[in-house]
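Residue numbers (the UniProt record's numbering), protein chains in the order written: chain A, 1 to 330; chain B, 1 to 330. Take a look at the structure below.
Protein chains: 2
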Amino acid sequence: MAHATIRDVARAANVSIATVSRALNGHGNVRANLREHVQSVAAALGYVPHTGARSLSLARTNAIGVMLPDLHGEFYSEALRGIDAEASARGLQLLLSNMHGDQRGTETLRFMRGRVDALIIMAPDIDPERLLAHLPASLPTVLISCPDVSADHPQFRIDNVAAADAMVEHLVASGRRRIVHLSGPRGNRDAEERIAGYSAAMTRHGLSPRVLTGDFEEESGTAAAQALLGDTERADALFAANDMMAIGALVVFQRAGLSVPEDIAVAGFDDIPLARFVTPALTTMRVGIAEIGAEAVSRAAAILAGESDTEIRWVAPQIKARASTIGGAA
Amino acid sequence: MAHATIRDVARAANVSIATVSRALNGHGNVRANLREHVQSVAAALGYVPHTGARSLSLARTNAIGVMLPDLHGEFYSEALRGIDAEASARGLQLLLSNMHGDQRGTETLRFMRGRVDALIIMAPDIDPERLLAHLPASLPTVLISCPDVSADHPQFRIDNVAAADAMVEHLVASGRRRIVHLSGPRGNRDAEERIAGYSAAMTRHGLSPRVLTGDFEEESGTAAAQALLGDTERADALFAANDMMAIGALVVFQRAGLSVPEDIAVAGFDDIPLARFVTPALTTMRVGIAEIGAEAVSRAAAILAGESDTEIRWVAPQIKARASTIGGAA
DNA sequence: ATCGCAAATGTAACCGGTTACAGCAAGAGC
DNA sequence: GCTCTTGCTGTAACCGGTTACATTTGCGAT
Numbered sequence: 001m002a003h004a005t006i007r008d009v010a011r012a013a014n015v016s017i018a019t020v021s022r023a024l025n026g027h028g029n030v031r032a033n034l035r036e037h038v039q040s041v042a043a044a045l046g047y048v049p050h051t052g053a054r055s056l057s058l059a060r061t062n063a064i065g066v067m068l069p070d071l072h073g074e075f076y077s078e079a080l081r082g083i084d085a086e087a088s089a090r091g092l093q094l095l096l097s098n099m100h101g102d103q104r105g106t107e108t109l110r111f112m113r114g115r116v117d118a119l120i121i122m123a124p125d126i127d128p129e130r131l132l133a134h135l136p137a138s139l140p141t142v143l144i145s146c147p148d149v150s151a152d153h154p155q156f157r158i159d160n161v162a163a164a165d166a167m168v169e170h171l172v173a174s175g176r177r178r179i180v181h182l183s184g185p186r187g188n189r190d191a192e193e194r195i196a197g198y199s200a201a202m203t204r205h206g207l208s209p210r211v212l213t214g215d216f217e218e219e220s221g222t223a224a225a226q227a228l229l230g231d232t233e234r235a236d237a238l239f240a241a242n243d244m245m246a247i248g249a250l251v252v253f254q255r256a257g258l259s260v261p262e263d264i265a266v267a268g269f270d271d272i273p274l275a276r277f278v279t280p281a282l283t284t285m286r287v288g289i290a291e292i293g294a295e296a297v298s299r300a301a302a303i304l305a306g307e308s309d310t311e312i313r314w315v316a317p318q319i320k321a322r323a324s325t326i327g328g329a330a
Numbered sequence: 001m002a003h004a005t006i007r008d009v010a011r012a013a014n015v016s017i018a019t020v021s022r023a024l025n026g027h028g029n030v031r032a033n034l035r036e037h038v039q040s041v042a043a044a045l046g047y048v049p050h051t052g053a054r055s056l057s058l059a060r061t062n063a064i065g066v067m068l069p070d071l072h073g074e075f076y077s078e079a080l081r082g083i084d085a086e087a088s089a090r091g092l093q094l095l096l097s098n099m100h101g102d103q104r105g106t107e108t109l110r111f112m113r114g115r116v117d118a119l120i121i122m123a124p125d126i127d128p129e130r131l132l133a134h135l136p137a138s139l140p141t142v143l144i145s146c147p148d149v150s151a152d153h154p155q156f157r158i159d160n161v162a163a164a165d166a167m168v169e170h171l172v173a174s175g176r177r178r179i180v181h182l183s184g185p186r187g188n189r190d191a192e193e194r195i196a197g198y199s200a201a202m203t204r205h206g207l208s209p210r211v212l213t214g215d216f217e218e219e220s221g222t223a224a225a226q227a228l229l230g231d232t233e234r235a236d237a238l239f240a241a242n243d244m245m246a247i248g249a250l251v252v253f254q255r256a257g258l259s260v261p262e263d264i265a266v267a268g269f270d271d272i273p274l275a276r277f278v279t280p281a282l283t284t285m286r287v288g289i290a291e292i293g294a295e296a297v298s299r300a301a302a303i304l305a306g307e308s309d310t311e312i313r314w315v316a317p318q319i320k321a322r323a324s325t326i327g328g329a330a
């Protein structure tokens, strides 16, 4: 049996649809016993309002669209967790759409029009023109770690340059010299900035930068570590641009009989939950992506409430120095 | 500026809204050059169809509602990842709604009516009457690990009893006798069934069951391990009802100077990605929740395509014996 | 030029709600 | 008893699309 509509309720209760709407939405100007009658009829029919229709006439959906690259690995899952926590606290639903690496993904943004009140986009490796072309005109949109496409949108930007620089400082301070960087994919904003910060710090210390290119997946950490094992003069530190690559490398080093951090230090980036649990615990830069996600929802909600916000909010990652870089497992 | 509507396009192109609709949706019966004209006008105006309105008249949303307990910990994140992968492969969007432990969460199901074509519900600790009361009548709904409320819905059920039994067998086979079970919260279906399987196997071997009650969170693993450390005759194996509790306990044991698995074996349940990475790697039961999530989407899609499906599909977890229970770190 | 028919286009109803405005009844004030 | 308010209820327009059906157009055949 199909769902009952407001007209079915009106007919069964012998009132007009306007009255049903008012009675069920608590609009005050309905006689008390009539209101109760309508409510009981609605309950008896198992009436549930059609949210789609409702939001069409209200021009309000109580939903936020979320666009992420993918859900692989803990990083974006953590982001989504933070978004979700804040959204449900505010009674908002989430409409999810992942780009899965392919640039076509932006087109799914079109399908969000009319279904959401605001948008949260996290897309570090999207083509700027593409993003700009698909960015909806009349929808509050919070950008997290996206290319610079507009000064009109509230943004979160991670200070990758300073953070990567700080990580090199940490490694140099603990006596490392041959520090290799395993980067994320070219074209990814976070990846490029981390390379820049790494290179600047290396150069400042008179060390020569060496960058291997990875793709943020565990396997590319595995591959990079195997490559390093073959070197005649082996690196004494590997700084990976995210935690999963660092962990992939860590496992390979240990399996090859090297001890971490004595033979080689390993550091990551992001501080995903997993980082604390590997042995030795992984040194990394804490980004706090779940908190950023939650805050993004708050900013979107504030804009919906009428505030204006075009601020670029900078996030400064914090170093988490753990056993994978600081020797003497004291 | 507000978004352009189909009427704006029609006016600007000097045609009727019907023609615009047909031209943009590729309905064939539009003169070729008129179609192009309409398309260029639409592009010039930055017209994007209002998906909400579209799905109201089509009675089709191309979205699936997903209801999970929460996104804490990797288990449900993995489930969502599987669901998401299959959904985007099929061009479906996901509308997310978490219950966050409180039973009120089911009410958010109401807000899904009219917004989604089908529903996937994973709710091992929901009150059956509540679930039944809020289960929408006319929406394909796939249940994963839910209480028995209906024979009319496609379901996935995890064979927790057999799996917990098998884990006890594994521990007994490796010489353990004082095997303690750290359960999930009372009222949670998975938790109760794992207790049952554990108890049955223990009794069969003439061993006395001992169950500590946890809540599936890491902290309750920590607490349980601390409690066990105080025992005079200490347990020689801890079988936790999920991986996070097992890992919490593992850390405490090691910090207290015990060696795992020599002094005490530790086993979990779920095989979350993290389980492979702790040291020693965690023995666990692989549920394959991401695959289940993906399959749930496929079943929902099949029902939407007209198939009928009221099958209860049983999932048999596979044991992953790793170093946390099998001695001799060979 | 006229007719017939197929193809293209327009008109209007519909999806399921909300709400401005109109209508109506009852009570207050004279 | 009559008018004026006040407050409840109903009618109908609207949100932005789709599409059945009616109408117009274009073209070939006569």
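All C-beta atoms, glycine included, are put in the ideal place defined by N, C-alpha and C.
Cutoff 7 angstroms; reference residue i; Cβ partners in own chain excluding five residues on either side
| i | result |
| --- | --- |
| Thr-232 (chain A) | none |
| Cys-46 (chain A) | Note on residue identity: the sequence assigns Gly, not Cys, to residue 46 (chain A). The answer, listed in chain order, is Ala-4. |
| Ala-321 (chain B) | His-170 and Thr-283 |
| Arg-299 (chain B) | Val-142, Pro-154 and Asp-309 |
Where residue i falls, given that 16 or more other Cβ within 10 Å makes a residue buried
| i | result |
| --- | --- |
| Ala-312 (chain B) | Just to set this straight, residue 312 (chain B) is Ile in the shown sequence, not Ala. Exposed, by the Cβ-count rule. |
| Ile-318 (chain B) | It is worth fixing the name first, because residue 318 (chain B) is Gln in this sequence and not Ile. With fewer than 16 other Cβ atoms within 10 Å, it is exposed. |
| Leu-58 (chain A) | exposed |
| Ala-290 (chain B) | buried |
| Gln-226 (chain A) | exposed |
| Asn-98 (chain B) | buried |
| residue 333 (chain B) | The structure shown does not extend to residue 333 (chain B), since chain B is modelled only from 1 to 330, so the question has no answer here. |
| His-27 (chain B) | exposed |
| Gly-82 (chain B) | buried |
| Ser-138 (chain A) | exposed |
| Thr-310 (chain A) | exposed |
| Glu-218 (chain A) | buried |
Residue i: first and last residue of the uninterrupted beta strand (DSSP E) it sits in
| i | result |
| --- | --- |
| His-181 (chain A) | 179-183 |
| Arg-176 (chain B) | No beta strand (DSSP E) contains Arg-176 (chain B), which DSSP labels as neither H nor E. |
| Ser-97 (chain A) | 93-98 |
| Leu-119 (chain A) | 118-122 |
| Arg-313 (chain B) | 312-315 |
Neighbour list for residue i in chain A, Cβ cutoff strictly below 7 angstroms
| i | result |
| --- | --- |
| Asp-84 (chain B) | Leu-71, Leu-96 and Asn-98 |
| Gln-93 (chain B) | Leu-95, Leu-96, Ser-97 and Phe-111 |
| Leu-56 (chain B) | Gly-52, Ala-53 and Leu-56 |
Euclidean distance between Cα positions of residue i and residue j
| i | j | result |
| --- | --- | --- |
| Leu-228 (chain A) | Val-266 (chain A) | 12 angstroms |
| Ser-324 (chain A) | Asp-236 (chain A) | 12 angstroms |
| Leu-92 (chain A) | Ile-64 (chain A) | 7 angstroms |
| Gly-114 (chain A) | Arg-7 (chain B) | 16 angstroms |
| Phe-277 (chain B) | Leu-274 (chain A) | 8 angstroms |
| Gly-268 (chain A) | Ala-246 (chain A) | 5 angstroms |
| Val-116 (chain B) | Ala-87 (chain B) | 13 angstroms |
| residue 337 (chain B) | Phe-75 (chain A) | With chain B covering only 1 through 330, there is no way to say anything about residue 337 (chain B). |
| Arg-177 (chain B) | Asp-190 (chain B) | 24 angstroms |
| Asp-165 (chain B) | Ala-173 (chain A) | 52 angstroms |
| Asp-159 (chain A) | Thr-222 (chain B) | 35 angstroms |
Cβ-based neighbour list, residue i, same chain, cut-off 8 angstroms, excluding 5 preceding and 5 following
| i | result |
| --- | --- |
| Ala-329 (chain A) | For Ala-329 (chain A), the predicted structure reports a pLDDT of 43, less than 50, and the residue's modelled location is therefore unreliable. The matter cannot be settled from this model. |
| Glu-107 (chain B) | His-134 |
| Pro-136 (chain A) | Leu-109, Met-112, Arg-113 and Leu-119 |
Extent of the continuous alpha helix (DSSP H) to which residue i belongs
| i | result |
| --- | --- |
| Leu-229 (chain B) | 218-229 |
| Arg-12 (chain B) | Note on residue identity: the sequence assigns Ala, not Arg, to residue 12 (chain B). Counting along the chain, the alpha helix (DSSP H) containing Ala-12 (chain B) begins and ends at 6-13. |
| Phe-75 (chain B) | 74-89 |
Own chain partners of residue i with C-beta closer than 6 angstroms, once the 5 adjacent residues on each side are dropped
| i | result |
| --- | --- |
| Ser-199 (chain B) | Pro-209 |
| Leu-96 (chain A) | Val-66 |
| Val-149 (chain A) | Pro-128, Leu-131 and Leu-132 |
| Asp-125 (chain B) | Gly-187 and Asn-188 |
| Ala-123 (chain A) | Cys-146 |
Chain-ordered chain B contacts of residue i [CB-CB under 9 angstroms]
| i | result |
| --- | --- |
| Leu-24 (chain A) | Neighbours of Leu-24 (chain A) on chain B: none; closest Cβ ~12 angstroms, over 9 angstroms. |
| His-153 (chain A) | Going along chain B, no residue has its Cβ under 9 angstroms from His-153 (chain A), so there is no contact; the nearest lies around 16 angstroms. |
| Ile-247 (chain A) | Phe-277 |
Chain-ordered neighbours of residue i on chain A, where CB pairs are closer than 8 angstroms
| i | result |
| --- | --- |
| Gly-46 (chain B) | Ala-137 |
| Arg-81 (chain B) | Leu-71, His-72 and Ser-77 |
Proximal residues of chain B, C-beta to C-beta of residue i below 8 angstroms
| i | result |
| --- | --- |
| Gly-268 (chain A) | Neighbours of Gly-268 (chain A) on chain B: none; closest Cβ ~13 angstroms, over 8 angstroms. |
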